[in-house]
Amino acid sequence: MKHILFISYDGMTDPLGQSQIIPYLIGLTKYGYCFTILSCEKPERYSLFKNEIENLLKPFPIKWVPLLYHKNPPVFSSAYDTIMMIRKAKELHAKEKFDMVHTRPGTPALIGLWMKKNLGIKFLNDIRDFFAESRIDSGSWNKTNFIYKSVYRFFKQKENEAVEKCDGIVCLTEAAKKIISSWPQYKNEIPLEVIPCSVDTNLFDPAEIDFAEKLKFKTELNIKDEDCIISYLGSIGSWYLTNELMLFFKIISDKIPATKFLFISPDKHETIINAAKKVDLHENKIMIQKAKRNEVPVLLSFSKFSVFFIKPCFSKLASSPTKHGEIMAMGIPAITNRGVGDVADIVEKYKSGIVVKNFSKAQFESVAMQIADGISFDKNSIRNAAFEYYNLENSVEKYSKIYKEVLEK
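The sequence shown runs -9 to 399 under this note's numbering.
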């Protein structure tokens, strides 16, 4: 059985760890792989969900080695975490003799590159993000600041080196594959596989909704039968264009008075209310609900549409929003924008929603009019498209394929 070290700066107790890491690794154990996960865990989430994650992994040949994540001071805390992860990875390899290291972008890729160069381990470079560019695009790193400019240059250099020296590459979108293939440091003999963020179609299944649980949420949120629910799933801020989203919601609310907006969001609830106030969208139109992963499908099931607007920029061409597959698996049409990975192409190909041309008031009014006029979509067709494009089993099979290619090189 081949033993893989999987390194993530995102925690397994984070939503991403539970939706986009653990399901893949559990699936890959069926292909004869065992894993050690090295991750950085946020203290508050770790204390809440540690036992849950341990119980989830217990039936499988997956060890979990959590380190604590440090947020402050910026840059120096990340450097400290990187040093701790390298030390731990080196220590684990001395005991386990890993056959391959599989890393997510940023700090984990630095460690994977270090292990490739210093320990001779096969290195799968999972480019799920153009990391350095994404930090500039998001505003996290300001290139006019000397420190952040230096950090940006360092990561760009290491990202280029990782592409050159790795044994295989995974990316999330066809758009990213085209870009990576054009880079001079990319060698044609390096396997390059597109594997979009997948969805667990068993969990996100409208036929499996617990109606008692749905009735509970309906009562708690005061949802009426006549309400037209438009949802937003996920975090607020950064890439997610909250102000544009609220303007859109205000225009729809004015056009369709029975509309209410359900935010299934873990944090920044004050930000949501304040953004609504800025556009004079009354607070009674907004519903906000935190949700455990297994509660998300129930909450989504209230939706007539689900909306997400993401900043269109270079780094986002590499993105495959997890929420898109989850929305589609529930048979819900999405309203979204261009310039984010392959999202617009998928929506148009599968007739699974509406793509806005821009964020202008005129464009929003045009979409609101389509909704008011009763534009409809085939829920079964949308769910079938999720099976075709975002299905977890297909993604696991693609990972097993590139694992085999890398390990047999």
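Where a beta carbon is used, it is the ideal one built from N, C-alpha and C, also for glycine.
Fair warning: this is a prediction, and the values are worked out from it, not measured in the lab.
Report yes if the CB atom of residue i is closer than 8 angstroms to the CB atom of residue j, and no otherwise.
i      : j       : result
ALA266 : ILE276  : yes
LEU397 : MET90   : yes
PHE377 : THR163  : no
GLY158 : PRO186  : no
ARG118 : PRO95   : yes
PHE88  : HIS(-7) : yes
PRO302 : LEU193  : no
PRO33  : LEU58   : yes
ILE101 : ALA79   : yes
ASP116 : VAL184  : no
PRO56  : SER29   : yes
THR312 : GLN10   : yes
LYS214 : LYS155  : no
GLU216 : ALA248  : yes
Opposite residue i in the DSSP bridges: which residues?
i      : result
LEU252 : SER221 and MET277
ASP190 : For ASP190, which the question treats as bridged, DSSP gives no partner whatsoever.
PHE295 : ILE220
LYS112 : MET90
GLY158 : LEU114
GLY343 : ALA324
ASN381 : VAL189
LEU182 : ILE159
ILE461 : The chain is shown only over -9 to 399; residue 461 falls outside these bounds and no answer can be derived.
Any idea what DSSP makes of residue i, helix, strand or coil?
i       : result
THR3    : coil
ILE400  : Because the chain in this structure spans residues -9 to 399, residue 400 falls outside the shown range and cannot be described.
TRP54   : strand
GLY331  : coil
HIS83   : helix
GLY22   : coil
PHE207  : helix
SER(-2) : strand
GLY96   : coil
LEU28   : strand
TYR230  : strand
HIS314  : helix
LYS(-8) : strand
ILE246  : coil
ASP367  : Strictly speaking, residue 367 in this sequence is Phe, with Asp absent from that position. Three-state result, PHE367: coil.
With a threshold of 8 angstroms on Cβ separation, who are the neighbours of residue i within its own chain once the five nearest residues in sequence on each side are excluded?
i       : result
TYR222  : LEU235, PHE251, LEU252, PHE253, ILE254, SER255, SER296, VAL297 and PHE298
MET(-9) : GLY22, TYR23, CYS24 and PRO51
LYS351  : LEU237 and ILE241
LYS306  : SER124, ASP127, TRP229, ILE300, GLY329, VAL330 and GLY331
TYR70   : HIS60
LYS167  : CYS161, LEU182 and VAL184
Keeping to the same chain, check which residues put their C-beta closer than 7 angstroms to that of residue i; ignore five residues upstream and five downstream.
i      : result
ALA122 : TYR142, PHE145, LYS146 and GLU149
ASN132 : TYR138
ILE199 : PRO287, VAL288 and SER291
GLU151 : LEU103
VAL337 : ALA324, THR326, GLY343 and VAL345
What does a CB cutoff of less than 6 angstroms around residue i pick up in its chain, not counting 5 residues either side in sequence?
i      : result
PHE367 : PRO323
PHE120 : SER305 and ALA308
VAL269 : MET236, LEU237 and LYS240
Cβ contact (3+ pairs, closer than 8 angstroms) linking the stretch 33 to 51 and the stretch 106 to 121: no
Segment contact flag, the stretch 360 to 372 with the stretch 79 to 90, C-beta cutoff 8 angstroms, min 3 pairs: no
Given 8 angstroms, three or more beta-carbon pairs between the stretch -8 to 3 and the stretch 172 to 180: no
Segment contact flag, the stretch 199 to 217 with the stretch 325 to 344, C-beta cutoff 8 angstroms, min 3 pairs: no
Given 8 angstroms, three or more beta-carbon pairs between the stretch 308 to 321 and the stretch 256 to 264: no
At least three beta-carbon pairs within less than 8 angstroms, the stretch 44 to 55 to the stretch 20 to 35: yes
At least three beta-carbon pairs within less than 8 angstroms, the stretch 211 to 229 to the stretch 338 to 348: Touching, no.
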